[in-house]
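Participant: If you're matching positions, the sequence shown starts at 2 in the working numbering and goes up one per residue.
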Amino acid sequence: MQSFSPEQISVLRSIFEIIDQDSNGKITKQDLLQTFKNLDDNTKNEKYVNNMLKGLDEITFPIFLKIMGGKDLLSSENLMKSLRVFNKNGSSANGEIEINVEELKTNILNLNQKDSDSSATSDTKITEKEIDGAIGGFIKEDNMNGEKIFMASRFINNVGI
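#1: Can you tell which of Glu47, Asn146 and Leu33 has its C-alpha closest to the C-alpha of Glu59?
#2: To the nearest angstrom, how far is it from the Cα of Asn158 to the Cα of Leu112?
#3: Helix, strand or coil for Met145? Go by DSSP, reduced to three states.
#4: Can you give me the start and stop residues for the beta strand (DSSP E) that Lys38 sits inside?
#5: Please confirm if the region 61–71 is in contact with the region 100–111, defined as three or more CB-CB distances below 8 Å between the two stretches.
#6: Consult DSSP for Glu129 and reduce its assignment to one of helix, strand or coil.
#7: If I measure Cβ to Cβ from Ala135 and keep anything under 8 Å in the same chain, skipping five residues before and after, which residues do I get?
#8: What is the DSSP secondary structure of Lys55, reduced to helix, strand or coil?
Laid out in structure tokens, this is it:
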């Protein structure tokens, strides 16, 4: 079981709050089903969710931390799965995950704002400038419409996670 840094706990709290659809401090089967629906993941049915809950009716934040403590959270595979949610056109021919830069930044800043409303200090808030610095070398411009695209797979392969 891994122990978490305050920053990791803050991130996990944000994830927990996103899944907790009714903000009652507990993740239920309905919360999980709605989360998958919101992510347009129709493959996660009730049987799948029941398996995730492992017989529990609800998951509180301490239980969530225990569950997540057994996971390798910062792996390239987990990061790829997370970024696929934003994938622009499904999958490109070469398997690259392509994400609209503005959409990615908006979502990161929105999550950061939600987190800062609860527990983050100004030192842990991420800025648009920091996002630009982190992803800047992995952006291409779509020649057809000028849209900026973040090349997520290249980013992950180059940061060495």
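Virtual Cβ for every residue (Gly too), placed ideally from N, Cα, C.
Facilitator: Judging by the given coordinates:
#1: Leu33
#2: 24 Å
#3: coil
#4: Where Lys38 is concerned, there is no enclosing beta strand (DSSP E), although the alpha helix (DSSP H) it sits in stretches over Lys30 to Asn39.
#5: no
#6: helix
#7: Residues of the same chain with their beta carbon placed closer than 8 Å to that of Ala135 are lacking, with the five preceding and five following residues left out of the count.
#8: Lys55: coil per DSSP, three-state reduction.
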